[in-house]
Structure formats: structure tokens, C-alpha cells
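Structure, as C-alpha cells:
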Amino acid sequence: MKDKSLKPTKRRKTKTAHHAPIDPDIIFGLHAVQAALEVPVSRVKEIWLAAERQDSRVENVLNAAQEQGVVIHFSERETLDKIAPEVQHQGCVAKCRPLDSLDEKGLFDLLDSLDEPPLLLILDGVQDPHNLGACLRTAEASGAHAVIAPKDRASGLTATAIKISSGSAERLPFVQVTNIARLMRELQQRGVWLIGTSGDSETTLYQTKLTGPMAIVLGAEGKGIRHLTRENCDEVVFIPMQGQAESLNVSVAAGVCLFEAFRQRSL
């Protein structure tokens, strides 16, 4: 006798909800909004706060907003959910002027203004805004002067990237260029040493001098740096690892490389 419990059942077809992307001029989360308010000239225009939230973190946002003369709305959480759907906004959403990135000229002006050897992070086609945000946060914490990425086929400063950066996107220059290979050659002409990363290199990160003018070049998630990008590097290194993991997340790799540079520069 057949067991009826093994009889296949028809699955219901469920509709997947598709939400429109968040307006890039919207930032969300208490930390991200606080960071945007604390720069000398804030780009925040309006803030929506969940009416039920009353704590010290909200109070800090309120005080900073009042100092900047920003319009504040106390709203139901449903209103915030509509402005910033499907994200953890923590009861705090802000409408801002666009967060501008630098171009090649802006980067070179920045380099000319430095009184110490530049430390740059070049991201070759990182498309996940979570990874970009994490890289920005790591780059600022390690003392990097700018993060550079291509304009096409790569993440820009989306609302998610800004949120994940925990305020670093407001403070650390982010440079978008049309041609990464050309920019790398221009940096070389300015004396910047370009260090790429690849698992098939024979030189480890810890065998490399990281104290002069330099840029660390990391590739896209799962693909690494492109062939043309690698050809324009002065040196290619690998991060030694144990266990069976084949690679690191790009933001983790950025942390390992940049903090090794920070360690060497601090000696």
C-alpha cells in the first residue's frame, strides 16, 4: 500500500514584491544622518523622525539638525517606510542634496594638497553597494586619502552604500573615473606605486613595502582585478590564508591590505 504522505503536492505560486530603488538623495539610519549633519556644510535638507522614538541618539540628531537649520518632521513609522522602503531606517530618514564624487582633476588637486605620501584604494568594478560602503569605512579608519572606482559597471554612492559606510562616505573623498587604466598610468607618472592583489602571485602582502606614495588595487567580487588593470600594476601580491577558503570578501581584503599599510607607516 502506498503511503499517501509521500504524494507530491502542488505548490502555490507566490508573487514576489518588487520595490522601487530608494531615491539616491535619501539617507537613512541614525548614524548616517548624524554623520551628514556633522560636516561643516551639511547637505541635509529635511529629516523625518519616527514620532514614537525618544532616546539620546534621536536627541543628538535633533540638536545637530537644529544647529544646521534643517526642517524636521515627526511622522508615523509608516510614513518613513514609504520614503525608505524595505530597509532598517531606525526611525530616521533624511532628504539631502546629492553627495558629489570627485573626478580625475579633483583627485589630482587632492593629491597636490597632501603633506604626506598618499594612500589610495582603487576598486576595480565592485558592484555591491554593501561592499563599497564597507570599503569606504575601512579606508577612512586606516588613514586612506581617497577611494577610486569606475563610473560604469560599479556601485556608486547609493543610499545603501552611504548607510553601510557609517558616516565615512560623508568624510572620505570618493572618486569616479571613466577609465581606470588611464588613471592608473597618470598616478604612476605622479610617483604613486600601484599594488594589485591576486591569489596567483608569488609575493605576499607582508613582503611588500607599503610606506611610500601608493594605491592598493582590489577587484570585483569573485572575479578579482581585470587583466588590463593587472597589467597596469607595478606589483601584484597575495594575502596568505589558512583553511579552505579560496578568497576573501573585497571589503575584508581591503581591511587587511590597508591596515598593513597603516602598520608600516606607523613604525
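Numbering follows the numbering used here, in which position 218 of the sequence shown is assigned residue number 224; successive positions increment by one, without gaps.
Yeah, the Cβ is synthetic: ideal placement off N, Cα and C, and Gly gets one too.
### Message
Counting C-beta neighbours from all protein chains within 10 Å, is the total for Q213 16 or more, i.e. buried, or is it exposed?
### Response
Counting from one through the sequence shown, the residue named residue 213 turns up at place 207. It is exposed - the Cβ of Q213 has fewer than 16 other Cβ atoms within 10 Å.
### Message
Our contact map puts V223 next to I231 with C-beta atoms below 8 Å; I'd like the distance itself, whole angstroms only.
### Response
For this step, residue 223 is matched to residue 217 along the sequence shown. For this step, residue 231 is matched to residue 225 along the sequence shown. That belief holds up - the Cβ atoms of V223 and I231 are roughly 6 Å apart, short of 8 Å.
### Task
Output the residue ranges of the beta strand (DSSP E) runs that lie fully inside the region 29–70 and measure 3 residues or longer, sorted by chain position.
32–34 and 50–56
### Query
Can the beta-carbon of A226 be found closer than 8 Å to that of L127?
Position 220 of the sequence shown holds residue 226. Position 121 of the sequence shown holds residue 127. If you check the CB distance, A226 and L127 do not come in under 8 Å.
### Task
Assuming V50 and Q74 form a contact by the criterion Cβ under 8 Å, report the distance between their Cβ atoms to the nearest whole angstrom.
Locating residue 50 in the sequence shown gives position 44, counting from the first residue. Locating residue 74 in the sequence shown gives position 68, counting from the first residue. Their Cβ separation, rounded to whole angstroms, is 7 Å, which keeps V50 and Q74 in contact under 8 Å.
### Message
Please report the straight-line C-alpha distance between N185 and G112, rounded to a whole angstrom.
### Response
Here residue 185 is taken as the residue at index 179 of the sequence shown, counted from 1. Here residue 112 is taken as the residue at index 106 of the sequence shown, counted from 1. Rounded to the nearest angstrom, the two C-alpha atoms are 15 Å apart.
#### Entry: Own chain residues within Cβ distance below 7 Å of A42, not counting five before or after
Position 36 of the sequence shown, counting from 1, holds the residue named residue 42. Only I33, S48, R49, V50, A100, C102 and E176 meet the Cβ criterion.
### Query
Within 10 angstroms of its Cβ, does A155 collect 16 or more other Cβ (buried), or is it exposed?
Position 149 of the sequence shown, counting from 1, holds the residue named residue 155. A155 should be labelled buried.
### Message
Just to confirm, is the Cβ distance from L264 to A145 under 8 Å?
### Response
Here residue 264 is taken as the residue at index 258 of the sequence shown, counted from 1. Here residue 145 is taken as the residue at index 139 of the sequence shown, counted from 1. It is a contact, given that the beta carbons lie within the stated cut-off.
### Task
Could you tell me the distance, in whole angstroms, from the CA atom of N137 to the CA atom of D106?
In the sequence shown, counting from the first residue as 1, residue 137 sits at position 131. In the sequence shown, counting from the first residue as 1, residue 106 sits at position 100. Distance between the alpha carbons of N137 and D106 is about 19 Å.
### Task
Below 8 Å CB to CB, which residues in the same chain sit around E110 once its five sequence neighbours on both sides are set aside?
As a working note, residue 110 is residue 104 in the sequence shown. Once the five neighbours on either side are set aside, the close Cβ partners of E110 are V181, V183, L189 and E192.
### Query
Within this structure, are the beta carbons of A70 and Q40 separated by less than 8 Å?
For the purposes of this step, residue 70 is identified with residue 64 of the sequence shown, where counting begins at 1. For the purposes of this step, residue 40 is identified with residue 34 of the sequence shown, where counting begins at 1. Result yes, Cβ atoms of A70 and Q40 sit closer than 8 Å.
### Message
According to DSSP, is H274 part of a helix, a strand, or is it coil?
### Response
The shown model of the chain, from 7 to 273, leaves out residue 274, and the question about it has no answer.
### Query
With L178 and L125 assumed to form a contact (beta carbons below 8 Å), what rounded beta-carbon distance in angstroms separates them?
To locate residue 178, count along the sequence shown from 1; it is residue 172. To locate residue 125, count along the sequence shown from 1; it is residue 119. Rounded to the nearest angstrom, the Cβ distance from L178 to L125 is 11 Å, too far for a contact under 8 Å.
### Query
From which residue to which residue does the beta strand (DSSP E) around T203 run?
Walking along the sequence shown from the start, residue 203 turns up at place 197. That run of the beta strand (DSSP E) goes W199 to T203.
### Contained beta strand (DSSP E) runs [length at least 3] in the region 162–195, N- to C-terminal order
180–183
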